[in-house]
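Chains A and B, in that order, give the protein sequences.
For our numbering, count along the first sequence from 1 and bump the result up by 1087.
For our numbering, count along the second sequence from 1 and bump the result up by 1087.
These notes concern the structure reproduced below.
There are 2 protein chains.
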Amino acid sequence: MVKGPTVYDVAERAGVSIATVSFAFSQPHRVRESTRNSVLDAARELGYVPSASARGLAKGRTGALGLFSFDYLNLLPEAAGDGAKSGSEADEDCRLFPIWVDEVQRGVELECFSRGYALMIGGGNKASGERAVTDIAGRVDGLIVFARTIPAEVTRRISARIPVVELSDPEGESSLHRVTIDNASGIGQLMEHLIGFHRFRRFMFVSIPNAENEARYNAYSAVLAAHGLEVQPPLESRPGASAVTAELIAELQDSGSLPDCFVCANDEEALVVLETLKAAGIPAPAQVAVTGFDGIVAGRLVRPSLTTVRQPMELIGRTAVDILIDTLTDPPATPSHRQLPVSLAVRESCGCRAQEN
Amino acid sequence: MVKGPTVYDVAERAGVSIATVSFAFSQPHRVRESTRNSVLDAARELGYVPSASARGLAKGRTGALGLFSFDYLNLLPEAAGDGAKSGSEADEDCRLFPIWVDEVQRGVELECFSRGYALMIGGGNKASGERAVTDIAGRVDGLIVFARTIPAEVTRRISARIPVVELSDPEGESSLHRVTIDNASGIGQLMEHLIGFHRFRRFMFVSIPNAENEARYNAYSAVLAAHGLEVQPPLESRPGASAVTAELIAELQDSGSLPDCFVCANDEEALVVLETLKAAGIPAPAQVAVTGFDGIVAGRLVRPSLTTVRQPMELIGRTAVDILIDTLTDPPATPSHRQLPVSLAVRESCGCRAQEN
DNA sequence: ATTCTTGATCTATGCGCATAAGTACGGGGG
DNA sequence: CCCCCGTACTTATGCGCATAGATCAAGAAT
């Protein structure tokens, strides 16, 4: 706390110049072994800890990558979902299961560490505004952001300075690097199972509107059209407002127009639908099947377990880091876009017996 | 990527000096509004992103806190545990449930963000050595480390430069700030329940040896002694080697000396014991009860659900951050040590019916 | 009218490190 | 014996920002 020792102190103690101290650490081969040892000894004795700020300033690189997460506090209410909390222990406000963001973050962490980069994590919310983002951006050599969490104008500005990877937005800003998943293929596999194996004919898509979900809806529509099946507009649920979903489903039931299967744009919505159906006394999957998309952990623990399309979440994080490091090493002419494959996870909620888990 | 604009560029464009640019951002009141606006406009037009390295160097503070986690890769095999993976989906190597470290980290993240600090996360393993730690240490204003993950000599050195909080080591280096939990009270509550309510008499403590577990064992011994019950040396399980535990338990069974209850030093061990008992055909808790310590998520999802002592994990993380920020604001004369309370979570594995979950 | 005050801005400097360019030295080849 | 060259260091400089202290203008006070 009392102002740590610097290269100057170490140099003086070792009886060499600061350049030699610097070399001793960063380019050992340029210093005779005896000299290097005396420098390292001096450093140890003094408790020298190099300043990353100074190093970053001098080198123009920080050696750290950044991940900008939106403030959990704001996401919690919707993210935790009904199924993720257990009643009496809900007081400890931890997430029972990792959600999408957590698993991706984990991939980012693992890849950063194994590649020798530090990871700077920033959080923000609507209030903290873009300050929070640029703050992180100013600290790192490359930044990973989740789609739709910060204004395009801001990411564009940042990407003029450091490489930015946007995660999972099929229609993202084209100046950014992107990691996306193959929504079309995932929906294709899923629908193939539902139509081909289960012989479902009447479907209802459930989603809140955003680019990702829209891509899924479009793929869904295309498959239905190809099979000559009727395409209805999506049932628009609202995040955190399961009551709305409940009402919509009640209407469907009253009018006798329940589908064979609810195809939900993501697992969280699917869990809400399952919950709602249970509450309404509609047996799932016996009367109505339900599917999700993402592959969050909660989906495999709920009963009936959720048939879904699984994203390689950890890989998404790892890939983002890989793109950044590649870019830093050897800047590509054009932003990279890596689309990762997804896989169908057939579980119970489509009407199949549990095959796994 | 092409070398971002600096204060000099902004100053030139706005027709002011760099000092004014700096003031416009950091001390708005010192700059006339019209000037400030023209500076901010210029900054926006140029896509100016302040360099945290330069700022950190100039101010002597980085505005970031650090958390040093050991490389997950090395912890995974033991940490994930048998119960945390589901067979056929084990290929995706994510953690099904957050473990202790995750929940603490989450607390650290939340507190950092809400207090306006960025969080630098570092990872390392035995191989990367102390370089990884000092690397992080050089980047931040304060550091949080998990007990027993890095050599005391290193933390001591670092703590000469920035405040360091060590998490949960009852016998930690006294020059460091510490956040610990009340092991004695937790064990006390637990044993009170087991002895007073369940009337168990013959106990067996299960643990791998470390300071934390020893503190728990000591508390356990004290309670038994106070009740005039026999105290046996702990059953030493080995991390990751559930076969060893199985063997030890088999021996106990053969010799007819199974206890009324296995008191495990932590939840992970308790899960292994439960698993082992199940495999051996010994009904738990009917014949032998089992308890854990920590309160990890997996413990409440397993059947029988695990009776345990719950640590306030998120709070531990938050408290560590709080200590650091306090210390930075107003350095205390002596390292702070905050001991947090724990609470008994009575579930099924002690023989009680499910009261919750 | 002159001096003091206050606010707004600028000039100059240093933070701690990396590194280009320079210096000193010693040995081998001519 | 001199020159060249490689090795092992050192000197000098700049990275981008914050900030103390200087400057300057425009009232306010005398």
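No residue lacks a Cβ here, since even glycine has one placed at the ideal position from N, Cα and C.
Anyone know if the C-beta pair for residue i and residue j falls short of 8 Å?
i, j, result
"leucine 1453 of chain B", "leucine 1431 of chain B", "Beyond the ends of chain B as shown, which are 1088 and 1444, falls residue 1453 of chain B; an answer cannot be given."
"serine 1324 of chain B", "valine 1331 of chain B", "yes"
"alanine 1337 of chain B", "leucine 1393 of chain B", "no"
"isoleucine 1249 of chain B", "glutamate 1217 of chain B", "no"
"alanine 1298 of chain B", "glutamate 1258 of chain B", "yes"
"glycine 1209 of chain A", "serine 1138 of chain B", "no"
"serine 1294 of chain A", "asparagine 1300 of chain A", "yes"
"threonine 1395 of chain B", "leucine 1427 of chain B", "no"
"valine 1251 of chain B", "valine 1266 of chain B", "no"
"serine 1156 of chain A", "valine 1136 of chain A", "no"
"phenylalanine 1380 of chain A", "glycine 1229 of chain A", "no"
"threonine 1242 of chain A", "valine 1227 of chain A", "no"
"valine 1429 of chain B", "isoleucine 1268 of chain B", "yes"
"arginine 1235 of chain A", "aspartate 1256 of chain A", "yes"
"alanine 1141 of chain A", "leucine 1415 of chain B", "no"
"alanine 1271 of chain B", "alanine 1239 of chain B", "no"
Looking at the secondary structure, which residues open and close the alpha helix (DSSP H) in which residue i lies?
i, result
"valine 1126 of chain A", "1120-1133"
"leucine 1361 of chain A", "1354-1366"
"valine 1195 of chain B", "1187-1201"
"leucine 1144 of chain A", "1139-1146"
"isoleucine 1223 of chain B", "1216-1224"
"arginine 1248 of chain A", "Run containing arginine 1248 of chain A: none; DSSP gives neither H nor E here."
"arginine 1100 of chain A", "1094-1101"
Kindly indicate which three-state DSSP category residue i falls into: helix, strand or coil?
i, result
"phenylalanine 1287 of chain A", "coil"
"glutamine 1319 of chain A", "coil"
"isoleucine 1268 of chain A", "strand"
"glutamine 1374 of chain A", "coil"
"valine 1408 of chain A", "helix"
"leucine 1388 of chain A", "helix"
"glutamate 1253 of chain A", "strand"
"arginine 1425 of chain B", "strand"
"alanine 1239 of chain B", "helix"
"leucine 1431 of chain A", "strand"
"proline 1164 of chain B", "Note on proline 1164 of chain B: pLDDT 38, under 50, position unreliable in the model; no value is reported."
"arginine 1244 of chain A", "helix"
"glycine 1273 of chain A", "helix"
"valine 1136 of chain B", "coil"
"isoleucine 1105 of chain B", "helix"
"leucine 1335 of chain A", "helix"
"glutamate 1258 of chain B", "coil"
Could you name the residues that DSSP lists as bridge partners for residue i?
i, result
"glycine 1381 of chain B", "Looking at the sequence shown, residue 1381 of chain B is not glycine but aspartate. Answer is B:Arg1397."
"glycine 1210 of chain A", "A:Ser1156"
"glutamine 1114 of chain A", "Answer by DSSP bridge pairing: none, since glutamine 1114 of chain A is not bridged."
"alanine 1205 of chain A", "A:Ala1151"
"valine 1293 of chain A", "A:Leu1322, A:Cys1351"
Excluding five sequence neighbours on each side, which residues of the same chain lie with their C-beta closer than 7 Å to the C-beta of residue i?
i, result
"proline 1391 of chain A", "Ala1371, Pro1372, Glu1435, Ser1436"
"arginine 1193 of chain A", "Glu1401, Gly1404"
"serine 1125 of chain A", "Ala1101"
"phenylalanine 1200 of chain B", "none"
"alanine 1312 of chain B", "Val1318"
"serine 1246 of chain A", "Ser1262, Leu1263"
"valine 1103 of chain A", "Thr1122, Val1126"
"tyrosine 1095 of chain A", "Ile1105"
"serine 1109 of chain B", "Val1094"
So, for residue i: in the same chain, excluding its five sequence neighbours on each side, which residues have a beta-carbon less than 6 Å away from its beta-carbon?
i, result
"alanine 1129 of chain A", "Val1097, Arg1100, Ala1101"
"cysteine 1348 of chain A", "Leu1281, Phe1287, Phe1290, Ala1376"
"alanine 1333 of chain A", "Thr1363"
"serine 1175 of chain B", "Caution is warranted here: a pLDDT of 40 is assigned to serine 1175 of chain B, below 50, making its placement in the model unreliable, and the coordinate value is therefore given only provisionally. Correct list: empty, nothing qualifies."
"alanine 1111 of chain B", "Val1118, Arg1123, Val1126"
"serine 1173 of chain A", "Unreliable placement is indicated for serine 1173 of chain A, whose pLDDT of 38 sits below 50; the coordinate value is still reported in the next sentence. Answer for serine 1173 of chain A: no residue qualifies."
"leucine 1335 of chain A", "Leu1322"
"proline 1059 of chain A", "The displayed coordinates of chain A run from 1088 to 1444. Any statement about residue 1059 of chain A would go beyond what the structure contains."
Where do the N-terminal and C-terminal ends of the beta strand (DSSP E) with residue i fall, by residue?
i, result
"isoleucine 1231 of chain A", "1229-1233"
"leucine 1263 of chain A", "Unbroken run through leucine 1263 of chain A: none, as it is neither H nor E."
"leucine 1311 of chain B", "That residue, leucine 1311 of chain B, is in no beta strand (DSSP E); its alpha helix (DSSP H) goes 1298-1313."
Ignore the nearest five residues each way along the sequence and tell me which others in residue i's own chain have a CB closer than 8 Å to its CB.
i, result
"glutamate 1206 of chain B", "Reading the sequence as shown, one finds leucine at residue 1206 of chain B and not glutamate. These residues qualify, in order along the chain: Ala1151, Leu1152, Gly1153, Leu1154, Val1195, Glu1196, Cys1199, Phe1200."
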